[in-house]
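Data first, discussion second: the structure below is written as structure tokens.
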Amino acid sequence: MDRFDFSPLFRSTIGFDRLTRLVDAAARVDSAALAYPPYNIEKTGEDAYRLTMAVAGFSPDEIDVTVHENSLLVTGKAKKEDENGRYLHRGIARRTFERRFSLADHIKVVGASLVNGMLHVDLVHEVPEEAKPRKIAIGTGQPEVVEKIAA
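Numbering (this note's numbering), first residue to last: 96 to 246.
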């Protein structure tokens, strides 16, 4: 993300200190927070895919995988832990997250599993029979007339 220096714009403003701080804070949005948790998308077969997310420290009951129309939503809600000085250093992130993925037409989620801190969501591309191309046989006889009957 490119950073812009807004300070020349604020030199001539008086009484807009709060607005200045808000705009400056918005310009410094942490791109790492937007990329949490990290994920991979891999092709596992001709019509199969796997979404893998690094969710160390989360249990299956803290993660929700929801599909609605062509949208896949993965959310994680970390339970509050009693932190009575148990940690000397805490480097494993356990913050609430929400990741939304747009799915192409005819992509179906067939399962999800959590193994060794990695959430695996398996997807498959299934085109229904009525959407597949079909070959029309060409006849040699007289064409049949299809009558339209009024309803």
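The beta-carbon is built from N, C-alpha and C at its ideal position, and this holds for glycine as well.
Residue nearest to Ala173 in terms of C-alpha spacing, selected from Val216, Arg145, Ser154 and Leu167: Within the sequence shown, numbered from 1, the residue matching residue 173 stands at position 78. Ranking the options by Cα distance to Ala173, first place goes to Ser154.
With a threshold of 6 Å on Cβ separation, who are the neighbours of Phe280 within its own chain once the five nearest residues in sequence on each side are excluded? In the structure as shown, the chain starts at 96 and stops at 246, and residue 280 therefore has no counterpart that could be examined.
Start-to-end residues for the beta strand (DSSP E) that takes in Gly212: The residue given as residue 212 occupies position 117 in the sequence shown. Neither: Gly212 is in no beta strand (DSSP E) and is coded neither H nor E.
Would you mind working out which of Lys227, His215 and His220 sits nearest Ala199, comparing C-alpha positions? Sequence index remark: in the sequence shown, residue 199 carries index 104 (1-based). Residue His220 is the option with its Cα nearest to Ala199.
Can the beta-carbon of Tyr144 be found closer than 8 Å to that of Leu218? Counting from 1 along the sequence shown, the entry for residue 144 is found at position 49. Counting from 1 along the sequence shown, the entry for residue 218 is found at position 123. Yes, Cβ-Cβ distance for Tyr144 and Leu218 is below 8 Å.
Beta strand (DSSP E) segments (min. 3 residues) lying fully within the region 147–233: 158–163, 166–171, 192–197, 202–210 and 213–220
Tell me the DSSP secondary structure of Lys243 in three-state form. In the sequence shown, residue 243 corresponds to position 148, counting from 1. Lys243: coil per DSSP, three-state reduction.
Excluding sequence positions up to five away, which residues of its chain have a Cβ less than 7 Å from the Cβ of Ile161? By 1-based counting over the sequence shown, the position of residue 161 is 66. One point to set straight first is that residue 161 is Thr, not Ile, in the sequence displayed. Leu168, listed in sequence order.
Please classify Val216 as buried or exposed, where buried requires at least 16 neighbouring CB atoms within 10 angstroms. As a first step, residue 216 must be located in the sequence shown, where it is residue number 121. By the neighbour-count rule (16 or more Cβ atoms within 10 Å), Val216 is buried.
For the beta strand (DSSP E) containing Tyr134, name the first residue and the last one. In the sequence shown, the residue the question calls residue 134 occupies position 39. Tyr134 to Lys138 is the extent of the beta strand (DSSP E) around Tyr134.
Quickly, what does DSSP pair Ala130 with across the bridge? List them, please. Taking the sequence shown and counting its residues from 1, the one referred to as residue 130 is at position 35. Paired residue(s): none; Ala130 is not in a bridge.
Could you tell me if Leu214 is buried or exposed, where buried requires 16 or more neighbouring beta carbons within 10 angstroms of its beta carbon? As a working note, residue 214 is residue 119 in the sequence shown. When all chains shown are included, Leu214 counts as buried.
Work out the CA separation of Tyr131 and Ser107 for me, nearest whole Å. Position 12 of the sequence shown holds residue 107. Position 36 of the sequence shown holds residue 131. Confidence in Ser107 is poor, its pLDDT being 49 and thus under 50, which makes the residue's placement too unreliable to answer from.
Below 8 Å on the Cβ atoms is my guess for Asp159 versus Thr170; work out the distance and round it to an integer in Å. Residue mapping note: residue 159 aligns to position 64 of the sequence shown, counting from 1. Residue mapping note: residue 170 aligns to position 75 of the sequence shown, counting from 1. The Cβ separation is near 5 Å, so the contact holds.
8 Å Cβ shell around Ala207 - same chain, five flanking residues per side excluded: Translated into the one-based positions of the sequence shown, residue 207 becomes position 112. Correct list, in chain order: Val160, Leu214, His215, Val216 and Asp217.
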